[in-house]
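Residue numbers (UniProt numbering): 1 to 428. Accompanying notes for the structure given below.
What follows is the structure, encoded as structure tokens:
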């Protein structure tokens with residue numbers, strides 16, 4: 001098969017790495033890709049937002065199957081366009097991608113179908129949102145309705161902070177059109193969990209559990225980021241909790257989307273809070289998590305490609321996946337200053353040395369090659385140093401040993417990835 005992956009981040013490198021290993025894969029392309037993805041695939045300079053360019057390339061190159069990495073093109077209707085062009089695609093329709101594209105839509109689905117989530121209100125008027133916030137009190141959460149690159153959520157500990165978040169989104173245009181509507185919801189207390197499942201519109205197949213680390217600093221301090229590291233499995237996802245998620249959230253969500261005439265075909269990523277009352281939905285995403293995808297691909301024993309094809313073809317009910325009985329951890333190396341202003345174009349060396357251990361892979365997220373062949377940083381999150389081990393502790397030790405071999409003075413990482421699992425005394 002001739003396969004095209006859409007995207008340029010660490011998630012897409014992990015997907016390319018897994019797909020390139022499939023005996024069914026004859027040729028692999030990635031648009032636009034990065035310096036690391038170039039090891040696995042032929043990178044083509046087409047932006048993820050250039051839907052016409054993607055369709056043209058897929059037709060010209062006789063692509064058999066397109067795997068869409070990021071949410072933006074899915075919300076914009078790339079899967080629909082590919083389907084209309086007769087090209088098989090992994091990723092939901094624009095109607096189903098509204099689960100991520102509109103937080104208000106996803107909250108309304110939860111309310112209508114009794115899927116556990118935080119109490120909320122939806123507002124297109126700033127003064128009405130503020131009145132609701134004053135009525136509810138703090139702490140409280142304010143979310144821009146649309147896609148805001150992971151930056152549209154404010155966990156406000158004071159009323160002033162919450163009211164300012166409304167002003168920033170609705171009056172100051174901090175998130176553009178994504179902030180024209182806001183969702184205000186109660187703050188849930190508990191431990192977060194990333195839960196993934198493949199869905200072909202009828203059947204849901206749960207994947208391995210993972211836990212992300214959103215805040216930039218050790219001890220979960222500082223501003224939220226796209227994710228500073230992840231590990232799998234997540235000890236908080238006990239067999240009992242997993243079954244409750246499947247019964248009260250996953251299966252009802254897939255059934256709800258079918259009932260709404262918007263069947264969900266792709267990977268459903270449910271951000272959960274494990275509260276004293278049980279698991280509740282924080283948000284839905286309609287693509288693999290980044291960096292959770294990296295640890296999932298390292299643990300996946302089965303061939304990824306047939307699973308993605310089963311989703312596209314509606315044959316998931318006859319499918320199963322095998323996972324290595326190992327733990328995996330990824331540590332994100334980011335540019336100094338991220339998630340704020342950071343410098344681009346700095347040189348990185350000895351990534352090959354970091355990958356000398358056969359259990360370690362460095363996935364590239366924001367990299368390119370300079371004219372003279374040097375590896376340079378082009379983004380905020382730049383490398384995902386990923387390792388497997390018999391336990392979470394062993395995977396962590398290997399990952400940080402590899403981090404320390406990479407020479408990049410302008411980079412930094414968190415030094416406590418996996419702390420929740422290790423503080424539980426869990427070996428993963």
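Glycine included, each C-beta is placed from N, C-alpha and C at the ideal position.
With 16 or more other Cβ atoms inside 10 Å of its own Cβ, residue 182 counts as buried.
Put simply, of 261, 300 and 8 the residue whose alpha carbon is nearest the alpha carbon of residue 324 is 300. Residue 226 is positioned such that its CB atom lies closer than 8 Å to that of residue 381.
Pairing residue 242 with residue 114, the inter-Cα distance amounts to about 18 Å. Burial state of residue 350 is exposed, judged by a 10 Å Cβ sphere holding fewer than 16 other Cβ atoms. In its chain, beyond the 5 residues on either side, 40, 297, 361 and 363 have a beta carbon closer than 8 Å to the beta carbon of residue 17.
Buried is the label assigned to residue 8, since at least 16 other Cβ atoms lie within 10 Å of its Cβ. 291 is the residue among 168, 291 and 125 whose C-alpha sits nearest the C-alpha of residue 196.
As computed with DSSP, residue 2 is found in a beta bridge with 27. By a beta-carbon distance limit of 8 Å, residue 147 does not contact residue 199. Their separation comes to about 21 Å. Residue burial annotation: residue 194 is buried, with at least 16 other C-beta atoms found within 10 angstroms of its C-beta.
Here DSSP, grouped into helix, strand and coil, assigns residue 349 to strand. Going by beta carbons, residue 116 and residue 249 fall inside the 8 Å limit. The bridge partners DSSP lists for residue 364 are 383. Minimum Cα-Cα distance from residue 212 among the listed residues 321, 50, 264 and 414 corresponds to 414. Taking a cut-off of 8 Å for Cβ pairs, the region 84-104 and the region 125-132 do not touch, as fewer than three such pairs fall below it.
Only residues of its own chain outside the window of five on either side were considered, and among them 254, 258, 263, 314, 316 and 317 have a CB closer than 8 Å to the CB of residue 202, listed in chain order. Residue 194: member of the beta strand (DSSP E) spanning 191-200, first to last residue. Distances from the CA of residue 190 to each of 111, 152 and 280 were compared; the closest alpha carbon is that of 280.
With a threshold of 16 other beta carbon atoms within 10 Å, residue 179 meets it and is buried. In the structure shown, residue 69 adopts coil according to DSSP, grouped into three states. Between residue 162 and residue 156, the CB-CB gap stays under 8 Å. Between residue 326 and residue 378, the C-beta gap is not smaller than 8 Å, which leaves the two residues out of contact.
Membership of residue 83 in the alpha helix (DSSP H) is indicated by the continuous run 78-84. For residue 144, the enclosing beta strand (DSSP E) has its first and last residue at 140-144. Runs of alpha helix (DSSP H) with 4 or more residues, each lying fully within the region 176-245, are found at 239-245, listed in chain order.
For residue 420, the enclosing alpha helix (DSSP H) stretches over residues 419-423. The straight-line gap separating the alpha-carbon atoms of residue 322 and residue 165 is approximately 44 Å. Between the alpha carbons of residue 393 and residue 171 lies a distance of about 47 Å. Comparing alpha carbon positions, the residue from 365, 399, 353 and 287 closest to residue 93 is 287.
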